[in-house]
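*Asks:*
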Amino acid sequence: MSSQHTIHWQRYLLALIITGGVFWLAISISNRIHDERVQEIQSIENNISMNILSLETQFDLLAEVSCDEIDNTILSKELNSLASRLDYMEQQRGKDDVEVERLKEYYSLMQIKDYLLMKKIGKECGDEPVSILYFYSNEGDCTDCEKEGYVLTYLRENYPGVRVYAFDYHIGLSAVNTITSLYGVTENRLPAVVIGRKTLYGFQSKEIMEGLLPESLKKPTDTTNTTTTTTKTTTKK
Amino acid sequence: MTSALLTYLTYAVLFVSLYVEVFYTLSFFEKGNLSSPENTKKSSRHPKPLPNVTILVPCWNEETTVKKTVHSLLALNYPKKKLSIFLIDDGSTDNTWEIMQQFTNHPQICIFHKDNGGKHTALNLGLEHVTSEIVGSLDADSFVHPEALLRMMETFQDDKDVMAVTPAMKIYRTDSLMRLIQHAEYLLGVFLRKAGANMNALYVTPGPFSLFRTIIFSKIGNYKNAHLTEDMEFAMRMQHNGYKIGNRSDAYVYTVGPKTLRALYKQRLRWTYGFINNARDYKGLFFNPKHGDLGILIMPTAMFFLFAAIFFSGVAFFTWGKDAWKGIEQLRAVGFHIPDLSLPSWFFFNTDAMIFITAAVLALTLGILVIGKKIGGEKPHIIWWDTLSFLLLYGAIATLWNIAAVYKTIASRDVKWR
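If you read the sequences in order, they're chains A and B. According to this note's numbering, the first sequence holds residues 1 to 237 in order. According to this note's numbering, the second sequence holds residues 238 to 655 in order.
1. Express the C-alpha separation of A:L103 and A:D96 in angstroms, rounding to a whole number.
2. Is B:T588 close to chain A? Criterion is C-beta to C-beta, closer than 8 Å.
3. For the putative contact between B:G328 and B:N353, defined by C-beta atoms under 8 Å, what is the C-beta separation to the nearest angstrom?
4. At 7 Å on the CB atoms, spell out the chain B contacts of A:R85, in chain order.
5. Go ahead and pull the three-state DSSP assignment for B:Y519.
6. Of all the options B:S486, B:V598, B:F548 and B:M591, which has the alpha carbon lying nearest to the alpha carbon of B:E615?
7. Note down, in chain order, each residue of its chain lying with its Cβ closer than 7 Å to the Cβ of B:V552, except the 5 sequence neighbours on either side.
8. In the DSSP assignment, what residue or residues form a beta bridge with A:A192?
9. On the DSSP bridge list, what partners appear for B:C347?
10. Quick check: the stretch 462–477 of chain B against the stretch 493–513 of chain B, are there 3 or more CB pairs under 8 Å?
11. Would you kindly work out how many angstroms separate the C-alpha atoms of A:E40 and B:Y256, rounded to a whole number?
12. Under three-state DSSP, which class holds A:D97?
13. Flag B:S264 as yes if its beta-carbon sits less than 8 Å from any beta-carbon of chain A, otherwise no.
14. Please decide whether B:L255 counts as near chain A, where near means a Cβ-Cβ distance under 8 Å.
15. Three Cβ pairs or more, each shorter than 8 Å: is that satisfied between the stretch 479–498 of chain B and the stretch 544–561 of chain B?
16. Run the CB neighbour count on B:Q567, radius 10 Å, all protein chains shown included, and call it buried at 16 or more, exposed below.
17. Specify the secondary structure class of B:P445 as computed by DSSP and reduced to three states.
18. Figure out for me which residue from B:W557, B:K563 and B:M436 has the closest Cα to the Cα of B:N484.
19. Using Cβ-Cβ distances below 9 Å, what residues of the stretch 526–546 of chain B are close to chain A?
20. Just to confirm the assignment, what range does the beta strand (DSSP E) spanning B:T466 have?
21. Terminal residues of the continuous beta strand (DSSP E) containing B:G483?
22. For B:Q567, which residues in chain A fall below 7 Å Cβ to Cβ?
23. Quick one: which chain B residues come within Cβ less than 7 Å of A:F23?
24. Any residues in the stretch 3–18 of chain A with a beta carbon nearer than 8 Å to a beta carbon of chain B? Which ones, in chain order?
25. Within a Cβ cutoff of 8 Å, which residues of the same chain sit near B:W334, ignoring the five residues on either side of it in sequence?
26. Between the stretch 130–158 of chain A and chain B, which residues of the former have a C-beta closer than 7 Å to a C-beta of the latter?
27. Please confirm if A:I33 has its CB atom under 8 Å from at least one CB of chain B.
28. What are the residues in the stretch 427–452 of chain B lying within 9 Å of chain A by C-beta distance?
29. Can you find a CB in chain B that lies within less than 8 Å of the CB of A:I195?
30. May I ask you to report which of helix, strand or coil DSSP gives B:K461?
31. Distance, Cα to Cα, B:K645 vs B:V652?
32. So, is B:P295 buried or exposed, given that buried needs 16 or more other C-beta atoms within 10 angstroms?
33. If you measure between the beta carbons of A:V130 and A:P191, is that distance less than 8 Å?
34. Going by Cα to Cα distance, which pick from B:T636, B:V643, B:I640 and B:K611 is closest to B:A421?
35. For B:Y315, name the three-state secondary structure that DSSP assigns.
36. So B:L531 and A:H5 are supposed to be a Cβ contact under 8 Å. How far apart are they, rounded?
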């Protein structure tokens, strides 16, 4: 009996076109959504930038206005919101994504700006917020960074008066390099946390960190009333 | 680096999976197969003249089902004088032989007894006594639809080149989770077998009610042990020799599926082990244009999917394991605390391209299941417990026997029937 087998070449081609089409569509939709995310982040960054400018302006006018009129809470919320979004983007696209890297650099600069401004306002108005600087690495060389991230997220969620500024040690931004050398943070001692005048290296537990907070802050508020948008954090890597 | 490699591999596996699914779908629709079955009506036309048929029923410890199997054969809508049933006891240790003896005087039935030697020896004993033009087999845990035989005869009559016709297999009873999963799986099989037949790319002639032109056995020989999957080996041998295997998607055969995970595991381990080893014995079927779509696509991707299933399960377990570890780390770092329950914005939904592609693969699988249900004579509910259970669990449990079958092949260990 002769062989009954046939190769349906046209079907192979058609299947290839359909499969390729589905892949193209999926990648296009995904990229489109990614672009919208980037736009959303850029919009938040613009808001923050505007708020920083506004605060700076208010600060410059301190002689004219009262300290009570300076509202820095909005900025804090926006920074938290941006942090969680950037963290998610980094998880999705990877740490080497050029767009994510650029947004992260901008975010780092805004954090430094906010940190310095808060310090200035604090000195002038006598109400310096509790700031925590956190240095991490996501190059796979910091085993405790992720755990420390959970602790700082917890503090951020439960103590709205605490401002957590997280910096990727390897971001390669001169301003971040300056701040790391200012506090003597080195690569082989990550994670590092700066609170008040203390620089702590290695994993700091929730209990240790809470112990370092001023007494006035040690009344955890109802987290549902805070407007921090998510439980995620940029501090963990 | 590892993560990137894993991502590319996953995309590659997804591409092949979707490609093959699309190819099967195109092959299914090639001959406009989406007509409603007529399972409740009698076969629309009777092939004439109807040939003599012998059905071999090999039995080994089938005391609970053999009687029902025989009665379903006796109830077939086929001229009684032209249908013979051979009951062959392969050295059962239970009451199978005693039950078979109840049919001693039945004009259509012959009973045989032999020492246990494996299913293929029982079938070969039956073949020695067959004189009919068509011969088939029916496992003693399966039951046929009254119109199945006539419908399959039509396929023989429609195409003189067809040397074997396979039925549409369904699960007899869905009274356990495992049987529910198999119910959907078999309906998927109804679709795939039809599409496979359109390509002449079937590589299994299932024990439950596959029919053959008897002459095929004199051309290519009788059944072999074939790693305890004689039905797979025989189909591969037919394909190897260029003989055509057809399918009749409204010739329903109901088989009693394994009820427990343990029983299902044993059955599937035997099947998967049989596939790997028979494919090894017939490696000439792979990447061989002489065997058409079977050689170029179906055999290679059947083997590919076995390893792809292991790969996907590995990725899933790795991902879930990583997430679970993160959860434990978080618990250890900050203890149990109620997370922020405010609804996340759309921003945090995973919209990776892989999600959309996986959704496309699942959607097509769902579509195939719906068609499988339709041609399988069932109400084509899109979401039903069998479908859900199948989509959610089958991949995970199939990994168990896939890994075991690969291991047993590498370690040269045999599998057992039960």
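All C-beta atoms, glycine included, are put in the ideal place defined by N, C-alpha and C.
*Replies:* Answer, in terms of the structure:
1. Here the alpha carbons of A:L103 and A:D96 stand approximately 12 Å from one another.
2. Flagged as an interface residue toward chain A: B:T588, by a C-beta distance shorter than 8 Å.
3. With 8 Å as the limit, B:G328 and B:N353 qualify as a contact, their Cβ atoms being about 3 Å apart.
4. Contacts between A:R85 and chain B, judged by CB atoms closer than 7 Å, involve F584 in chain order.
5. Coil, per DSSP.
6. When C-alpha distances from B:E615 are compared across B:S486, B:V598, B:F548 and B:M591, the shortest belongs to B:S486.
7. These residues qualify, in order along the chain: L243 and T247.
8. Beta-bridge pairing links A:A192 to A:F135 and A:Y201.
9. Partner residues in the beta bridge of B:C347, as assigned by DSSP, are B:F323.
10. Taking 8 Å as the limit for Cβ pairs, the verdict is that the stretch 493–513 of chain B does touch the stretch 462–477 of chain B.
11. Taking the straight line joining both Cα atoms gives about 36 Å.
12. Three-state DSSP puts A:D97 in coil, outside helix and strand.
13. By the rule that beta-carbons nearer than 8 Å mark a contact, B:S264 touches chain A.
14. Cβ-Cβ to chain A under 8 Å: yes for B:L255.
15. As far as the Cβ criterion goes, the stretch 479–498 of chain B does not touch the stretch 544–561 of chain B, which means the pair count is below three.
16. By the neighbour-count rule (16 or more Cβ atoms within 10 Å), B:Q567 is buried.
17. The three-state secondary structure of B:P445, taken from DSSP, is coil.
18. The shortest Cα separation from B:N484 among B:W557, B:K563 and B:M436 belongs to B:M436.
19. Listed in sequence order: P526, K527, H528, G529, D530, L531, G532, I533 and L534.
20. That residue, B:T466, is in no beta strand (DSSP E); it is neither H nor E in DSSP.
21. Annotation: the continuous beta strand (DSSP E) that includes B:G483 extends over K481 to T492.
22. Residues of chain A passing the Cβ test: Y150.
23. Residues of chain B passing the Cβ test: F252 and I594.
24. The residues in question are S3, Q4, H5, T6, I7, H8, R11, Y12, L14, A15, L16 and I18.
25. Only D326 and H350 meet the Cβ criterion.
26. Listed by position along the chain: E146, K147, Y150, V151, Y154 and E157.
27. Yes - at least one Cβ of chain B is within 8 Å of the one on A:I33.
28. Near chain A, meaning a CB-to-CB distance below 9 Å, the residues of the stretch 427–452 of chain B are M436, N437 and A438.
29. Not one chain B Cβ lies under 8 Å of A:I195.
30. Three-state DSSP puts B:K461 in coil, outside helix and strand.
31. About 8 Å.
32. It counts as buried.
33. In this structure, A:V130 keeps its C-beta atom at 8 Å or more from the C-beta atom of A:P191.
34. Out of B:T636, B:V643, B:I640 and B:K611, B:K611 has the C-alpha closest to the C-alpha of B:A421.
35. Secondary structure of B:Y315 (DSSP, three-state): coil.
36. The pair is a contact, with the Cβ atoms about 6 Å apart (cut-off 8 Å).
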